[in-house]
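Enquirer: Starting off with a structure, shown below.
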Amino acid sequence: MRKFYALLSREVRGYFHSPIAYIVLIFFLIVSGIDFYFQVSFMNQRQVQYTVQEAFFNSVFFWFAFVLIFPLITMRLFAEEFKLGTIEPLTTVPVRDWQVVLAKFFGALVFYVVLWIPTLLYFAIFLKVTNEPAAHSAGAYFGSYLMLLLLGMFYLSIGCLTSVLTRNQIIAAVISFCAITLLFFLGLVQFILLDVSSETRDLLGYFSAIEHMGTFSRGVIDTRPIVLYVSMTIVMLVLTHQAFQSRKWRA
Amino acid sequence: MIKVENLTKRYAGQTAIRDLNFEVSRGEIMGFLGPNGAGKTTTMRILASFMPPTSGRATIAGFDVFEQSLQARAHLGYMPENVPLYSDMRVTEYLRYRAALKGVQHRRITERVGDVKELCGLKSVENKLIGALSKGYRQRVGLADALLAEPDLLILDEPTIGLDPNQIRQVRELIKNLGEQHTILLSTHILPEVEMTCSRVIIIHKGRIEACDTPDNLLGKIRQAGGVVVEAKVGTDNGADELKKISGVREVITDGEDDWKKFSLRVESGIDVREEVFRLATERRWTLRELTQRRATLEDVFVEITHADPV
């Protein structure tokens, strides 16, 4: 456990030692800030059926920024170590491969969570200024952030897998971006293919991040997406571990 | 400490090492010599469990480096070639991190990190970013890292490459001192270093072990087992013909155009012909200016073994 903790703290520190972390943080704050501002000013102009908090987590802005950040967070995880050769000292100490994989995954997750913390301020400021809560209940906040965490875990684990497959960070980023975008649009196919059966539509809807976020941000906690994202994350991490170990049997 | 049996490693289409067999016992300092691309790094990487062998077996302290890799690694301090390090960490921070990874007990980390910094002369740069260090200091950080967990076995891949002569001398002293408690396998290009520090030497060429012995025995084995250089004014004599008659002299090579001739004598090993040469010179009334025994160096051994085929 101590070794895992050492690995994890190295990963987290690695983020904050690199300029990419700050670029991602700033980019993300700008986009989510604009998102929040637009939603509020839009709602000032007309009557709508949803809350500020719902609008914030379901806008185009939000999703645009959302799918972009994962490749940026995860591309360096393994690729950089392969490139710099630091994988050699890392894998020749008595540390298990799964400890390395989990440390990298959770390191990325910590950074991802840090990324979201400032958005809590938006809602606090909104409450302070307008004396109106941004959501209709505390459960809605909880649901939104829970869905963020679930989606984040899944997409970060995809990023881990692509990073372990190459020593080139750009390639890792491009592959994970493509994979995440494809998965994301899989959920939209049901709106494009109108002549499919309702079963197919339901099945596709099961993978729809947008739909899940819609449900959760209303404060409705559905266990099906939880099972989906947690299990998919585990699958991705197992694959990452296998790929990482492949250096041992690929001879 | 190390036992290697029939170790073979093939990369796509080429064989890096084939059928290596050797043993390193506890307390030995084993030198690993060979030209670039001979398979030194490959062998060391397999021993450090960084890559698997294609066939064959290697054990460290009785643990198979592949099957029981974790236990094998726990006995090992490994310094990879070119010393890859995280350039965004500071020296102390890095060493503490590595100590934790190697399972050094928490309360001993500060002590161990302090010790290795002292030993490797890193005190003055302890708070610097590794990325800002010179090659020599990076090398020392790598060495300090290898020593952190007080391993039984040190595997050092070219520990002195890129160091200046003073630093090389320091590292050599360090390795010699370490050899009192640790078993060491080190690879290098710098031959005098091996002669001075190693108790045994393996010469590897094109993936095969060409020689494995103590430096002294190796010197004794090679054809040019030393020789004698004679510089003399021989007058009307030919010189070479007379010298050849001395027993033990195998070959004489003559140099020099003018009065002074220089003869290089190849001599059978273990025979000192200098006395005979002097007697011959006085007999024939030669004027002798130089009479030196040339000791063969490991460099001769190395060149002879690895230069067998033209490049």
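So the protein sequences, as listed, match chains A and B.
If you use the numbering used here, the first sequence corresponds to residues 142 to 392, in order.
If you use the numbering used here, the second sequence corresponds to residues 1266 to 1576, in order.
Beta carbons are placed, not taken as given, at the ideal position from N, Cα and C, and that holds for glycine.
Taking a contact to mean a Cβ-Cβ separation below 8 angstroms, would you say residue 350(A) touches residue 325(A) in this structure?
Expert: Their beta carbons are under 8 angstroms apart, which means residue 350(A) touches residue 325(A) by this criterion.
Enquirer: Counting only runs that start and end within the stretch 1411–1442 of chain B, where is the beta strand (DSSP E) found for 3 or more residues in a row?
Expert: 1418–1422
Enquirer: What residues in its chain sit with their C-beta under 6 angstroms from that of residue 1309(B), if we drop five residues either side in the sequence?
Expert: 1420, 1422
Enquirer: Could you tell me how far apart the beta carbons of residue 284(A) and residue 173(A) are, in whole angstroms, since I believe they sit closer than 8 angstroms?
Expert: At roughly 18 angstroms, the Cβ-Cβ gap does not stay under 8 angstroms, so residue 284(A) and residue 173(A) are not in contact.
Enquirer: What is the rounded straight-line gap between the Cα of residue 1458(B) and the Cα of residue 154(A)?
Expert: 40 angstroms
Enquirer: Identify whether residue 1346(B) lies in helix, strand or coil by the three-state DSSP scheme.
Expert: coil
Enquirer: State the Cα-Cα distance for the pair residue 1279(B) and residue 1305(B), rounded to the nearest angstrom.
Expert: 15 angstroms
Enquirer: Based on Cα-Cα distance, which residue from 150(A), 192(A), 216(A) lies nearest to residue 315(A)?
Expert: Of 150(A), 192(A), 216(A), the residue nearest in Cα terms is 216(A).
Enquirer: Give a yes or no on whether 8 angstroms exceeds the smallest Cβ distance from residue 1339(B) to chain A.
Expert: yes
Enquirer: Does the Cβ-Cβ distance between residue 395(A) and residue 177(A) come in under 8 angstroms?
Expert: A query on residue 395(A) cannot be resolved here, the shown segment of chain A reaching from 142 to 392 and no further.
Enquirer: Compare the C-beta of residue 213(A) against all C-beta atoms of chain B and say whether one is closer than 8 angstroms.
Expert: no
Enquirer: Do we get a CB-CB distance below 8 angstroms when we pair residue 144(A) with the residues of chain B?
Expert: yes
Enquirer: Would the beta-carbon of residue 1469(B) fall within 8 angstroms of that of residue 1297(B)?
Expert: yes
Enquirer: Note the first and the last residue of the continuous alpha helix (DSSP H) segment covering residue 225(A).
Expert: 217–225
Enquirer: Pairing CB atoms from the stretch 1398–1415 of chain B with CB atoms from the stretch 1368–1377 of chain B, are three or more of them under 8 angstroms?
Expert: yes
Enquirer: Name the one or two DSSP bridge partners that residue 1306(B) has.
Expert: In DSSP, residue 1306(B) forms no bridge with anything.
Enquirer: Just checking, does the stretch 259–269 of chain A make contact with the stretch 1335–1353 of chain B on the three C-beta pairs under 8 angstroms criterion?
Expert: no
Enquirer: Which chain A residues are close to residue 1314(B), counting only those with a beta carbon under 7 angstroms from its beta carbon?
Expert: 233, listed in chain order.
Enquirer: On the three-pair Cβ rule with 8 angstroms, is the stretch 1447–1467 of chain B touching the stretch 1504–1518 of chain B?
Expert: no
Enquirer: Taking the beta strand (DSSP E) that residue 1596(B) falls in, what are its first and last residues?
Expert: There is simply no residue 1596(B) to check, as chain B begins at 1266 and stops at 1576 in what is shown.
Enquirer: For the beta strand (DSSP E) that residue 1351(B) lies in, which residues bound it at each end?
Expert: No beta strand (DSSP E) contains residue 1351(B), which DSSP labels as neither H nor E.
Enquirer: Return the chain-ordered list of same chain residues with a C-beta closer than 8 angstroms to the C-beta of residue 1554(B), the five sequence neighbours on each side being excluded.
Expert: 1496, 1497, 1498, 1525
Enquirer: Taking only the alpha-carbon atoms, compute the straight-line gap between residue 294(A) and residue 300(A) and give it to the nearest angstrom.
Expert: 10 angstroms
Enquirer: Taking Cβ positions only, does residue 1292(B) come closer than 8 angstroms to chain A?
Expert: no
Enquirer: If you draw a straight line from the C-alpha of residue 1391(B) to the C-alpha of residue 1357(B), how long is it?
Expert: Cα atoms of residue 1391(B) and residue 1357(B): separation of roughly 5 angstroms, rounded to the nearest angstrom.
Enquirer: Between residue 389(A) and chain B, is the shortest Cβ-Cβ distance under 8 angstroms, so that the two count as touching?
Expert: yes
Enquirer: Specify the secondary structure class of residue 1575(B) as computed by DSSP and reduced to three states.
Expert: Unreliable placement is indicated for residue 1575(B), whose pLDDT of 47 sits below 50; the coordinate value is still reported in the next sentence. If DSSP states are grouped into helix, strand and coil, residue 1575(B) belongs with coil.
Enquirer: Applying a beta-carbon distance threshold of less than 8 angstroms, which residues of chain B neighbour residue 226(A)?
Expert: 1345, 1347, 1349, listed in chain order.
Enquirer: Please list, in chain order, the chain A residues whose beta carbon lies closer than 9 angstroms to that of residue 1335(B).
Expert: 235, 236, 237
Enquirer: Closer than 7 angstroms between beta carbons: that is the criterion. Which residues of the stretch 1447–1472 of chain B meet it against chain A?
Expert: So the list is empty, because no residue satisfies the distance condition.
Enquirer: Measure the CB-CB distance between residue 1456(B) and residue 1267(B) and report whether it falls below 8 angstroms.
Expert: Contact flag unset, no.
Enquirer: Going by DSSP in three states, residue 1341(B) sits in which element: helix, strand or coil?
Expert: strand
Enquirer: If you pair each beta-carbon of the stretch 261–280 of chain A with each one of the stretch 209–228 of chain A, do three or more pairs fall below 8 angstroms?
Expert: no
Enquirer: Roughly how many angstroms separate the alpha carbons of residue 1575(B) and residue 1303(B), rounded to a whole number?
Expert: At residue 1575(B), the pLDDT of 47 sits below 50, so the modelled position is not reliable; the number obtained from the coordinates is stated separately. In a straight line, the C-alpha of residue 1575(B) is about 15 angstroms away from that of residue 1303(B).
Enquirer: Name the DSSP beta bridge partners of residue 1470(B), please?
Expert: 1473(B)
Enquirer: Between the stretch 1476–1485 of chain B and the stretch 1561–1568 of chain B, do three or more beta carbon pairs fall short of 8 angstroms?
Expert: Yes: at least three Cβ pairs fall under 8 angstroms.
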